[in-house]
Structures are given as C-alpha cells and as structure tokens.
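Those letters in the sequence shown? Residues 1 to 137, by UniProt numbering.
The beta carbon of each residue, even a glycine, is placed where N, CA and C say it ideally should be.
Owing to the predicted nature of the structure, the values given are computational and were not obtained by experimental measurement.
Have a look at the structure below, then the notes.
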Amino acid sequence: AIVVDKSTWTRELIERNGKFGIVIPGVAATNWTWAVGSVSGRDEDKFNCYGIPVVKGPVLGLPLVEEKCLAWMECRLLPATSAQEKYDTLFGEVVSAAADARVFVEGRWQFDDDKLNTLHHLGAGTFVTSGKRVTAG
Numbered sequence: 001a002i003v004v005d006k007s008t009w010t011r012e013l014i015e016r017n018g019k020f021g022i023v024i025p026g027v028a029a030t031n032w033t034w035a036v037g038s039v040s041g042r043d044e045d046k047f048n049c050y051g052i053p054v055v056k057g058p059v060l061g062l063p064l065v066e067e068k069c070l071a072w073m074e075c076r077l078l079p080a081t082s083a084q085e086k087y088d089t090l091f092g093e094v095v096s097a098a099a100d101a102r103v104f105v106e107g108r109w110q111f112d113d114d115k116l117n118t119l120h121h122l123g124a125g126t127f128v129t130s131g132k133r134v135t136a137g
C-alpha cells in the first residue's frame, strides 16, 4: 500500500497506467530524494533534470532507480477500495523486486553500515535513517 495525494501527477499516472514503481532510497540519495520530491514531473522529466540514471523494470518496464537506492519494486495497481478515495491509499501487487545484497541478507534487512541505511523524509527537507537496532524481550 502507498499513499499518493489525488491532486498529484504521480497519482494521475498510476491510475491511468495501472502500475507503479517503489524505490527505497539510501542515505546517498538524500539530495535526489529531496529534489524530485520538491517539483512536479508534470512539467519536466525529473530523471533527466537531475541526472538520475534509471533502469527498465523487468516485468512492467517501469523506470526504476538502482544507483544510491537499496531496493525497488514493480507493482500492478489493484482495484480501487474505499481507502483510495477516502485516504488516498493505493494498493498494488508486487510483480518484481530486487534489493541490494549488502543490506538484504537471507531475507532480512541488515543495517550495519550507516552509509547503507534507508532514508525516511520527515518533511521540509529533513530526513532520518534506519540503523539503530532494538531487540524485543
């Protein structure tokens, strides 16, 4: 599930094409993440504008970013639910995925290198990263 505001170009593309990609940025992608999230792709090609190299997804042919990112997924949009209209939540079926072998080991994330942590936007250009391990019990 992803949340995409109904007023955005991204939402329009997802609903029109019935597919979407999800990329998990790493710390190295901080500036790219901020830049592409700050402008609309309706008026310019963000990948070209910011020099972000893309690869073609193996199943749906979506443009995906591998450089500076830790994982990606290609998804088919599932039929709309009430959550789509009410909460801007879209659901997808993952049809292909890949993760960086340095951080996804034996089916689990391993964040032992601060440079290879996932990036999470808090707002206004401020991010936090994964990494601190806490064990239950």
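At least three beta-carbon pairs within less than 8 Å, the region 73-93 to the region 26-46: no
Once the 5 residues before and after Asp100 are set aside, which same chain residues still bring their CB inside 6 Å of it? Leu70
Proximity winner among Lys46, Cys49, Glu67, relative to Val55 (alpha-carbon distances): Glu67
For the alpha helix (DSSP H) holding Ile14, just list the boundary residues, first then last. 9-17 is the extent of the alpha helix (DSSP H) around Ile14.
To which residues does DSSP link Lys56 through a beta bridge? Pro63
Would you mind reading off the limits of the alpha helix (DSSP H) that contains Ser96? Premise fails: Ser96 lies in the beta strand (DSSP E), 92-99, not in any alpha helix (DSSP H).
Is Thr33 near the ligand MN, in the sense that its beta carbon is under 7 Å from a heavy atom of that ligand? In the structure on display, the ligand MN does not appear, and there are no ligands present to speak of.
If you count every other CB in all the chains shown that lies within 10 Å of the CB of Leu122, and 16 or more means buried, which is it? exposed
Should Thr126 and Asn117 be called a contact, given that it needs their Cβ atoms to be closer than 8 Å? No, the Cβ-Cβ distance between Thr126 and Asn117 is not below 8 Å.
Going by C-alpha to C-alpha distance, which of Ile2, Gly51, Pro58, Glu93 sits closest to Thr33? Gly51
Could you check whether Gly92 and Leu78 sit closer than 8 Å to each other, using their CB atoms as the reference points? A contact, by the Cβ cut-off of 8 Å.
I'd like to confirm the pairing. Which residues does DSSP put opposite Pro25 in its beta bridges? Cys69
Could you give the residue range of the beta strand (DSSP E) that holds Val128? Looking at the DSSP string, the run of the beta strand (DSSP E) that includes Val128 is 126-129.
Contacting residues, own chain, Cβ-Cβ under 6 Å from Ile22 (five flanking each side not counted): Met73
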